[in-house]
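These notes are about the structure you will find just below.
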Amino acid sequence: MSEQAKGPQVSTLAKDQVGGLFATQEPQWLKERRLSAWESYLQAPMPTVKNEDWRSTTVNKLDLGKLYPVKALTKQEAKIQSAKLEASLEKIGEAAAVYMEDYATSTFHIAASKEIAEKKITVLPLAQALAAETTAKDLEKLAALIDAKRGVVQDKFTLMNTALSASGLYVHIPKNTTVTAPVVMALNLPAGAADKAVESSENLAVFPKVIVHVEANSTLKFVSLTTASEASSETAALVNAVVEFHVEAGARVEVAEVTNLTPGTFFVNRVRAYLGRDAQIDFTTAGLGGGQVKSDLETVLEDRGAQAAVKGIVLGAGKEHYAYNTIADHKAPDTTSNIVFRVALKDSSTSIYQGNVVVDKVAQRTDAYQSNKNLLLSRAAKADSIPKLEILADDVKCSHGATVSPVDRDQLFYLMSRGLTRSQSEELIVTGFFQQVLDLIPISGVKDLLAELAASRIEDKM
Amino acid sequence: MTASNSNSKRILEIIDLHVKVEDKEILKGVNLTINAGEVHAIMGRNGSGKSTLSYTVMGHPRYKVTGGQMLYKGQEISEMSPDERCKLGISLAFQYPVAISGVSVSNFLRKITNSKRGKEIPVKEFRQELKAAMAKLGVKDEFLSRYVNDGFSGGEKKRLEILQLSLLKPSLAVLDETDSGLDIDALKTVSEGVNALASDETAILLITHYQRMLDYVQPDFVHVFQDGKIVTSGGKELALELESRGYDWVTGEPASEPAKV
Numbered sequence: 003m004s005e006q007a008k009g010p011q012v013s014t015l016a017k018d019q020v021g022g023l024f025a026t027q028e029p030q031w032l033k034e035r036r037l038s039a040w041e042s043y044l045q046a047p048m049p050t051v052k053n054e055d056w057r058s059t060t061v062n063k064l065d066l067g068k069l070y071p072v073k074a075l076t077k078q079e080a081k082i083q084s085a086k087l088e089a090s091l092e093k094i095g096e097a098a099a100v101y102m103e104d105y106a107t108s109t110f111h112i113a114a115s116k117e118i119a120e121k122k123i124t125v126l127p128l129a130q131a132l133a134a135e136t137t138a139k140d141l142e143k144l145a146a147l148i149d150a151k152r153g154v155v156q157d158k159f160t161l162m163n164t165a166l167s168a169s170g171l172y173v174h175i176p177k178n179t180t181v182t183a184p185v186v187m188a189l190n191l192p193a194g195a196a197d198k199a200v201e202s203s204e205n206l207a208v209f210p211k212v213i214v215h216v217e218a219n220s221t222l223k224f225v226s227l228t229t230a231s232e233a234s235s236e237t238a239a240l241v242n243a244v245v246e247f248h249v250e251a252g253a254r255v256e257v258a259e260v261t262n263l264t265p266g267t268f269f270v271n272r273v274r275a276y277l278g279r280d281a282q283i284d285f286t287t288a289g290l291g292g293g294q295v296k297s298d299l300e301t302v303l304e305d306r307g308a309q310a311a312v313k314g315i316v317l318g319a320g321k322e323h324y325a326y327n328t329i330a331d332h333k334a335p336d337t338t339s340n341i342v343f344r345v346a347l348k349d350s351s352t353s354i355y356q357g358n359v360v361v362d363k364v365a366q367r368t369d370a371y372q373s374n375k376n377l378l379l380s381r382a383a384k385a386d387s388i389p390k391l392e393i394l395a396d397d398v399k400c401s402h403g404a405t406v407s408p409v410d411r412d413q414l415f416y417l418m419s420r421g422l423t424r425s426q427s428e429e430l431i432v433t434g435f436f437q438q439v440l441d442l443i444p445i446s447g448v449k450d451l452l453a454e455l456a457a458s459r460i461e462d463k464m
Numbered sequence: 164m165t166a167s168n169s170n171s172k173r174i175l176e177i178i179d180l181h182v183k184v185e186d187k188e189i190l191k192g193v194n195l196t197i198n199a200g201e202v203h204a205i206m207g208r209n210g211s212g213k214s215t216l217s218y219t220v221m222g223h224p225r226y227k228v229t230g231g232q233m234l235y236k237g238q239e240i241s242e243m244s245p246d247e248r249c250k251l252g253i254s255l256a257f258q259y260p261v262a263i264s265g266v267s268v269s270n271f272l273r274k275i276t277n278s279k280r281g282k283e284i285p286v287k288e289f290r291q292e293l294k295a296a297m298a299k300l301g302v303k304d305e306f307l308s309r310y311v312n313d314g315f316s317g318g319e320k321k322r323l324e325i326l327q328l329s330l331l332k333p334s335l336a337v338l339d340e341t342d343s344g345l346d347i348d349a350l351k352t353v354s355e356g357v358n359a360l361a362s363d364e365t366a367i368l369l370i371t372h373y374q375r376m377l378d379y380v381q382p383d384f385v386h387v388f389q390d391g392k393i394v395t396s397g398g399k400e401l402a403l404e405l406e407s408r409g410y411d412w413v414t415g416e417p418a419s420e421p422a423k424v
């Protein structure tokens, strides 16, 4: 087959190639898991617009036959090659550890401060973590996490990730440990075609899998950047990520993920956070570039007193499409979720936000709040907002609100009467619109980075 | 009244101005001439069209000029956008300033000042100027980190309006009901801020329902607005007369509402 000569092609990928994607020292159980996921993947239907969760994401634009999954990066670089990422990291400030996969140079980079070793914290590429060098006990723990089903729907993209993932990170924080500076993971796609990553001129597909395990009473800040080197051509690339946070009793995790991709990219992102007793997550996502971004953010409040704060800012431009789905799954009493999502759309960009609040029968005294505001900066932009409440308990406090509106005319007049041009005024209004969310972000460096990224996107051709 | 003054000192000349809002004519032939160094007060009942005049001078898109002229220093401004008018030297202190959530007062003030002056003022220099202006208006430092007009009291909003004008340094300051919602101490401070805007080169157009601000900002001319136009004009004594005798004394109509001072 001519495709095989170029590299493994997704739609025709043979069994032995799926098994051989990871490093050769990959444990046998994992190889088997890949193969079984691959079999299921072949059987699973491709989601269409008829699937409720995919109703406005055009999957058929994604030609799986032309995507080539990359193998694990093996070449390590001591320094970060991307100037753009370097600048972003500088904004974020001091980091406890940095892990970067750079598909522009086909290299990876990992660096950790002394703190990481001293506190027996693990920050390793997932492939390495799974390899022989970790102790058998650790591997067992990791296997338990990675293999946890926990009722996750195994759809086409999740199965694809399970079968093909050769990218990603494993972070483990032992109990009663505080990491003050953030652990940063960055994934950088090349501009244009992925020809550097695979020998063919076909399109790049990356399947990151990230597992963050924070044991009882520990704290972690985690920052994830998904970027592309420069404005790319129309060439397609797929990033299909699965990210899991296992937050044990009394632990607190602060997360910020930034999507800053190019028009040719299709980004499927599945994030799940499992929260134990009194565990907390403060999660921020920022959609600041990408052809189609389909992101599911699920917080599973598994035990009493768990708290989830989820924030989102999205700024669409061009023909970009963003589909965010937040799920607050209250499975225990006295749990709290607070979701604030703000979307501003320029040009003919579109967005759909679905907010699901699910309250189990036993989850009494749940306190759930959900707000989604959409600002349309152009007549051609379109935003949808769909709140869904599924409440089985009878003693709960749940509220939600959603708005979709153009820029307020009186605000515009007020600012213009002060000498700002129409576009300067709109820029200021949008900046303020996001700032209200940014002000809630606990990681200060991320706040600055997002403010800067949003500002440059707001100013861009507005 | 002031038409004999030389053209070089003329700030605003409004000639037979007609304005519609959504097909309803609100201004029905306004004539008004304001020269440099003058303070004009426009008084009138609610709904007489006073605020429409202020919005029209500033260029609110909802207010359509259907006839007449509006000349600023001899230049027709009817077609200009609000920001162009501001840059020429016209500023409006709003009766109801809107909140701009997420935008801090300090960031906002710096942006509009730079924009008006057409250059980046060094941060330190701006800071000094701002602090001095704030001190004069009794504005505290914590004000700067708050979002513009977000959750402000009536008095705080009016102070911020005058603070903005003191940085923009307009040649023509239009004050729309700046006295409303102010207690007596705030009224004094804000009035001092307004007086500081006045000079031989600038003019002030003060729109008000009540006479009380005119105790602190002395007008050279007082105009009475009724049904979309100026029905009578006079000196500052006219304001006192209105205060004691009511608007129907001028307009010949029965009082539709009791004076609520």
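Residue numbers (this note's numbering), protein chains in the order written: chain A, 3 to 464; chain B, 164 to 424. No residue lacks a Cβ here, since even glycine has one placed at the ideal position from N, Cα and C.
On the DSSP bridge assignment, give the partners of residue i in chain order.
i: I329/A; result: E300/A and N358/A
i: A207/A; result: P71/A and L240/A
i: K375/A; result: R344/A and T405/A
i: L234/B; result: E176/B and E239/B
i: F384/B; result: H203/B
i: A188/A; result: M102/A and L227/A
i: S214/B; result: According to DSSP, which records beta bridges pairwise, S214/B is partnered with nothing at all.
i: Y259/B; result: Paired residue(s): none; Y259/B is not in a bridge.
i: I370/B; result: I205/B and D339/B
At 9 angstroms on the CB atoms, spell out the chain A contacts of residue i, in chain order.
i: D246/B; result: L417, M418, S419, R420, G421, L422, T423, R424, Q426 and S427
i: F257/B; result: Y416 and S419
Quick one: list the residues of chain A neighbouring residue i, beta-carbon separation under 8 angstroms, in chain order.
i: F289/B; result: Within 8 angstroms Cβ-Cβ: nothing; F289/B doesn't reach chain A, min ~15 angstroms.
i: V261/B; result: D410, D412, Q413 and Y416
Verify the CB distance criterion: does residue i have a CB-CB separation below 8 angstroms to chain B?
i: T433/A; result: yes
i: F436/A; result: yes
i: L430/A; result: yes
i: M464/A; result: Confidence at M464/A is low in this model, with a pLDDT of 48, below 50, so its placement is unreliable and the value that follows should be read with caution. M464/A does not count as touching chain B.
i: A183/A; result: no
Could you tell me whether the Cβ of residue i comes closer than 8 angstroms to any Cβ of chain A?
i: M297/B; result: no
i: K392/B; result: no
i: V302/B; result: no
i: K172/B; result: no
i: K250/B; result: yes
i: V266/B; result: yes
i: V184/B; result: no
Could you tell me whether any non-hydrogen atom of the ligand HEM is closer than 7 angstroms to the CB of residue i?
i: G447/A; result: Of the ligands one can find in the structure shown there are none, so the ligand HEM has no counterpart to examine.
Rounded to the nearest angstrom, how far is the Cβ of residue i from that of residue j, given a contact under 8 angstroms?
i: T182/A; j: K121/A; result: T182/A to K121/A, Cβ: 11 angstroms. No contact.
i: V266/B; j: Y310/B; result: 6 angstroms
i: S254/B; j: P333/B; result: 4 angstroms
i: T109/A; j: Q83/A; result: 7 angstroms
i: T164/A; j: R36/A; result: 7 angstroms
i: F269/A; j: K296/A; result: 7 angstroms
i: F388/B; j: G230/B; result: Wrong, their Cβ atoms sit about 18 angstroms apart, outside the cutoff.
i: F247/A; j: R344/A; result: At roughly 23 angstroms, the Cβ-Cβ gap does not stay under 8 angstroms, so F247/A and R344/A are not in contact.
i: E28/A; j: L132/A; result: 6 angstroms
Closer than 7 angstroms by beta-carbon distance: list the chain A residues that pair up with residue i, in chain order.
i: I189/B; result: Per Cβ cutoff of 7 angstroms: no residues; I189/B is ~17 angstroms from chain A at best.
Are the C-beta atoms of residue i and some chain E residue less than 8 angstroms apart?
i: R272/A; result: Chain labels in this structure do not include chain E; the protein chains are A and B.
Using a Cβ-Cβ cutoff of 9 angstroms, what residues of the region 328 to 360 of chain B are near chain A? List them in chain order. Within the region 328 to 360 of chain B, L331 place their CB atoms closer than 9 angstroms to a CB of chain A, listed in sequence order.
In chain order, what residues of the region 392 to 417 of chain A put their CB closer than 8 angstroms to some CB of chain B? Contacts with chain B (Cβ-Cβ distance below 8 angstroms) from the region 392 to 417 of chain A involve D410, R411, D412, Q413, F415, Y416 and L417, listed in chain order.
Taking only beta carbons into account, state which residues of the region 241 to 255 of chain A come closer than 7 angstroms to chain B, listed in chain order. Residues of the region 241 to 255 of chain A with a C-beta atom less than 7 angstroms from some C-beta of chain B do not occur.
In the region 273 to 285 of chain B, which residues sit with their C-beta less than 8 angstroms from some C-beta in chain A, listed in chain order? So the close ones are K274, I275, S278 and K279.
Residues of the region 211 to 224 of chain B with a CB closer than 8 angstroms to any CB of chain A: list them in chain order, please. Answer set for the region 211 to 224 of chain B: M221, G222, H223 and P224.
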